[in-house]
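The sequence shown runs 261 to 467 under this note's numbering. We treat Cβ as the ideally placed atom computed from N, Cα and C, and that holds for glycine.
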Amino acid sequence: MEAVSPSLREDLGGTVQPVPPFVLLLPPGWVSLEPTRDVFDDLAARASAVFRSQHRPDLDAQFRSMVASAADEFLSRDPVRIIMQRDVPAELMLPVTIMAARLSSPDGASLDARVSDLVRSQGAHPLDDRGVIMKWSSTSDRETEAGRVGLRGFNYLVPVPETARRQAVLFTASVPARADGETLGEDYLERLELVIDAVMSTFRWSA
């Protein structure tokens, strides 16, 4: 069991109210970490070792560039946690990282309108019978210094309690699905999606 407890962050305007603690049941070898630049550097270094062992310096360069870009974007938002594999053999590593960030309506209104738009435009739907978590998939391309990388995203939106649905936590599992002319097969991506769904289905607020 991994208790994911965001730490209190401060800005120039004063204390930022933290996201309430929550719990996810993570598979062996997975960890939940504070969102820092060092975590992204460690992720890039571990993946680099795998690519070098496979004699793929091209993919190594692309992945490092992609991680650096993702770190800049994620850390500029309202990051909450990074969830990834760490204590697993290289041959068992999965090409996925789950990043959790807080979303807030800029005008203080409910996020219900945004969720309705996600249902219409992205096919968002409840993850399970509880209906608490909304899920949808996405595809995007990211330009890196080493070339273009195609990403598959699995997204999970959870409203923060006692905020009148004005805040939510967005979990995004990003998978580099296409790079350097090579593409992960749909069967493999579907298996990855099942793993991530299983992890997210264990989500609960601990307070």
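Asked, Found
"So who's on the other strand from Pro339, going by DSSP bridges?", "Ala361"
"Count the CB pairs spanning the region 290-298 and the region 339-352 that are closer than 8 Å, and state whether there are at least three.", "yes"
"Below 8 Å on the Cβ atoms is my contact criterion, and I expect Val356 with Ile456 to pass it. Report the Cβ-Cβ distance as a whole number of Å.", "7 Å"
"Assuming Arg425 and Leu411 are in contact, meaning their beta carbons sit under 8 Å apart, how far apart are those beta carbons, in whole angstroms?", "About 28 Å separates the two Cβ atoms, so there is no contact after all."
"Would you check if the distance between the CB atom of Gln427 and the CB atom of Leu363 is smaller than 8 Å?", "yes"
"When burial is assigned at 16 or more other CB atoms within 10 Å of the CB, is Leu371 buried or exposed?", "buried"
"Would you identify the three-state DSSP class for Arg464, choosing helix, strand or coil?", "strand"
"Among the residues of its own chain, which have a CB less than 6 Å from the CB of Phe431, if the five just before and after it don't count?", "Ile358, Ala360, Tyr416"
"Whole angstroms is fine: what's the gap from Pro278's alpha carbon to Val420's?", "11 Å"
"As a quick exercise: from Val459, Thr423, Val283, Ala384, pick the residue whose alpha carbon is nearest that of Ala369.", "Thr423"
"Give the range of the alpha helix (DSSP H) segment to which Val379 is assigned.", "372-382"
"Does the distance from the C-beta atom of Val375 to that of Met394 stay below 8 Å?", "yes"
"Does DSSP put Arg297 in a helix, a strand or coil?", "helix"
"Measuring straight from C-alpha to C-alpha, what distance separates Ala330 and Asp389?", "32 Å"
"Just to confirm the assignment, what range does the beta strand (DSSP E) spanning Leu284 have?", "282-284"
"Please classify Ala373 as buried or exposed, where buried requires at least 16 neighbouring CB atoms within 10 angstroms.", "exposed"
"Who are the Cβ neighbours of Leu508 in its own chain at under 8 Å, not counting the five residues just before and after it?", "Here the chain has residues from 261 to 467 only, and residue 508 is not among them."
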